[in-house]
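Heads up: the structure comes next, in structure tokens.
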Amino acid sequence: MENNRKVTLTYNDGKDNLEMPVLKGTLGPDVVDIRSFSKTGMFTFDPGFLATASCESQITFIDGDLGQLYYRGYPIEQLAEKSDYLEVCYLLLNGELPTAEERKVFERGIMRHNMLHDQLMSLFKGFRRDAHPMAVMVGVVGALSAFYHDSLDINNPEHRKISAHRLIAKLPNIAAQAYRYNKGLPFSYPKNGLTYAENFLHMMFSTPCEEYKVNKTLALALDRIFTLHADHEQNASTSTVRLAGSSGANPFACIAAGIACLWGPSHGGANEAVLKMLDEIGSVENVPAFMEGVKNKTHKLMGFGHRVYKNMDPRAAIMKETCDEVLSELGLHNDPKFKLAMALEKIALEDPYFIERKLYPNVDFYSGIVLSAIGIPVSMFTPIFALARTVGWISHWAEMIADPTMKIGRPRQLYTGAQRRDYIPQEQR
Ligand code: CMC
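Here this note's numbering is used: the first residue of the sequence shown is 383, the next is one more, and so on.
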């Protein structure tokens, strides 16, 4: 909120100074309120939003220098150890941890919405079998808006809540069916009585021929992956969801926009890119040559670096522990891919190129290895990120819609194109 500090903008051409208030959050750096700047007839220029706070939010806090991440004030380490994904969903959506009764009601609400409309299943069949599951997810999640006309009034808090529950409940099912369609497996159904993560494994891997037994350790590791990916303040896909939602678009369409943005290799596609990179490097002997290429900027070391974290990504530290647990459970410590990843990590952490640029492993460096060990195919890594992030996206969307001062997001530009010119008929060009 506003405090007494002000920033004064002085011009070198005799124009009047402009005083702008400095806003103080509960945590994090102060923020200069430049809204009055629009009256000067100039714009600020900040491609990639390196110096711009695009909104006020009470959901998630990151300190990139200290490597801290809090959901609603709770450190991610405590949530990863003591909580579970569905409780984290409740926390992100509602701002507080649930009582036992609130948890029960919430869980029932999610379970009641986890089936997919039978007509939606025909939509999967319109895709080529070899479609990337993210392509299917963008399409099918967007299509949900055609199925739930009963809850599309974004100004009705009850409708917003039902849409949020539907999305959290249906995303694992949609992701699992996208995989099964690709494999030529028959569609599966959720099984209530299993936890959220167990249910996802069941929907992915069960067959009609025999009972699928969920491995509890692997389900817990997956639940932790969901928790670690649940929210990350105003990242590219969350900002996309907010921007789409600022026009009044329905939540299903907004989440589909978020999924599209997440797909890119600089964002959610990085976990898939890490595994592809490990495959390309092949073995530990090839690491030095690969690293030379990184330093010459021929390619990036995927799973390293972050716009906000200039220290260890706290999610990566937890994920590394989970990685250890999963590999021990499966007896895979000598897995060549894991050994290769560890060799890369060691070299990168000691190399001045990475030290000077404060490039540390991010969550995706390890999550791909864990998912791969669980038996999840590489093409499903980003869909899993998407299903876990859905709660973050919808929490931000709901926070924005409930804010009476919300405005449509409409950035301006520094135009460097052609001056005004007259149309030239084709025969004179
Ligand atoms: N490998 C090699 N060099 C890198 C890397 C990398 N992974 N990341 C950044 N750099 C270099 C970059 O070339 C630049 O060097 P120089 O100063 O010589 O020009 C310097 O570090 C600063 O990088 P930047 O591109 O200005 O940083 P950014 O904040 O714009 O980009 C990033 C952040 C995450 C897009 C980038 O680090 C990256 O592409 N990393 C690999 C992809 C990845 O792992 N993404 C997952 C992010 S975590 C999951 C999520 O939140 O989605």
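Backbone N, C-alpha and C define an ideal beta-carbon position, used for all residues, glycine too.
Sort out for me which residues DSSP pairs P403 with in a bridge.
-> K388
Quick one: Cα of A482 to Cα of S648, how far?
-> One C-alpha to the other measures close to 39 Å.
Kindly confirm or deny that the stretch 714-733 and the stretch 670-685 touch, where touching means at least three C-beta pairs closer than 8 Å.
-> yes
Taking Cβ positions, are D605 and Y578 nearer each other than 8 Å?
-> Between D605 and Y578, the C-beta spacing is below 8 Å.
CA-CA distance, S533 and R542?
-> 7 Å
If you follow the alpha helix (DSSP H) that D578 is part of, which residue opens it and which one closes it?
-> A quick correction: the sequence has Tyr, not Asp, at residue 578. Unbroken alpha helix (DSSP H) run through Y578: Y578 to F587.
Alpha carbon of R689 to alpha carbon of P568, nearest angstrom = Roughly 41 Å separates the two Cα atoms.
Which residues mark the beginning and the end of the beta strand (DSSP E) in which F443 is found?
-> That run of the beta strand (DSSP E) goes T442 to D445.
So A571 and M497 are in contact, right, with Cβ under 8 Å, and what is the actual spacing, rounded?
-> A small fix is needed here, since residue 571 is Tyr in this sequence, not Ala. That belief holds up - the Cβ atoms of Y571 and M497 are roughly 7 Å apart, short of 8 Å.
Per DSSP, which one or two residues make a beta bridge with Q450?
-> D445
Limits of the alpha helix (DSSP H) - the one that A603 falls within = K598 to H611
Three-pair Cβ contact test at 8 Å for the stretch 705-724 versus the stretch 758-770 | Counting C-beta pairs with one atom in each stretch, the stretch 705-724 and the stretch 758-770 have fewer than three that are closer than 8 Å, which means they do not touch.
Skipping 5 residues on each side, what residues in its chain have a beta carbon closer than 7 Å to that of L576?
-> Same-chain partners within the cutoff: H584 and V596.
Can you give the Cα-Cα distance for E438 and Q810, rounded to whole angstroms?
-> Computed Cα separation, rounded: 54 Å.
Span of the alpha helix (DSSP H), counted from its first residue to its last, around A768 | F763 to A784
Would you identify the three-state DSSP class for P743, choosing helix, strand or coil?
-> Here P743 carries a strand assignment [DSSP, helix/strand/coil].
Could you check the C-alpha separation between T390 and E401 for me, to the nearest Å?
-> 4 Å
Which first and last residues belong to the alpha helix (DSSP H) in which V708 is found?
-> P696 to E711
Closest Cα partner of T622 within the set Y393, L683 and R792 = R792
7 Å Cβ shell around V414 - same chain, five flanking residues per side excluded = V389, M402 and V404
Kindly list the residues whose CB is nearer than 6 Å to the CB of A462, restricted to its own chain and excluding five residues on each side of it in sequence; keep chain order.
-> R606, T609 and I700
State yes or no: is the C-beta of P696 within less than 8 Å of the C-beta of G455?
-> no
Examine the ligand CMC and report whether any of its heavy atoms sits within less than 7 Å of the Cβ of F686.
-> yes
Run the proximity test for G650: is its beta-carbon closer than 7 Å to any non-hydrogen atom belonging to the ligand CMC?
-> yes
Check the DSSP bridge columns for N653 and list the partner residues they point to.
-> According to DSSP, which records beta bridges pairwise, N653 is partnered with nothing at all.
Enumerated in chain order, which unbroken segments of the alpha helix (DSSP H) with a length of 4 residues or greater are wholly contained in the stretch 426-504?
-> 458-464, 467-476 and 482-493
Taking 7 Å as the cut-off, does the CB of L741 come closer than this to any heavy atom belonging to the ligand CMC?
-> yes
Give the secondary structure of V690 by DSSP, where H, G and I count as helix, E and B as strand, and everything else as coil.
-> DSSP places V690 in coil when its eight states are reduced to three.
Look up E727 in the DSSP assignment and say whether it is helix, strand or coil.
-> helix
If you run the structure through DSSP and keep just helix, strand and coil, what is N564?
-> N564 sits in a helix when the DSSP states are folded into three classes.
Between I458 and K598, what straight-line distance do the alpha-carbon atoms span, to the nearest angstrom?
-> 22 Å
Shortest alpha-carbon distance to G664 belongs to which of N678, D717 and G651?
-> D717
Best match in M694, M659 and V666 for proximity to H338 [C-alpha to C-alpha] = With the chain represented from 383 up to 811, any question about residue 338 goes unanswered, as that position is not in the structure.
Please classify E478: is it buried, with 16 or more other beta-carbons within 10 angstroms of its beta-carbon, or exposed?
-> exposed
Just to check, is the beta-carbon of D746 closer than 7 Å to a non-hydrogen atom of the ligand CMC?
-> yes
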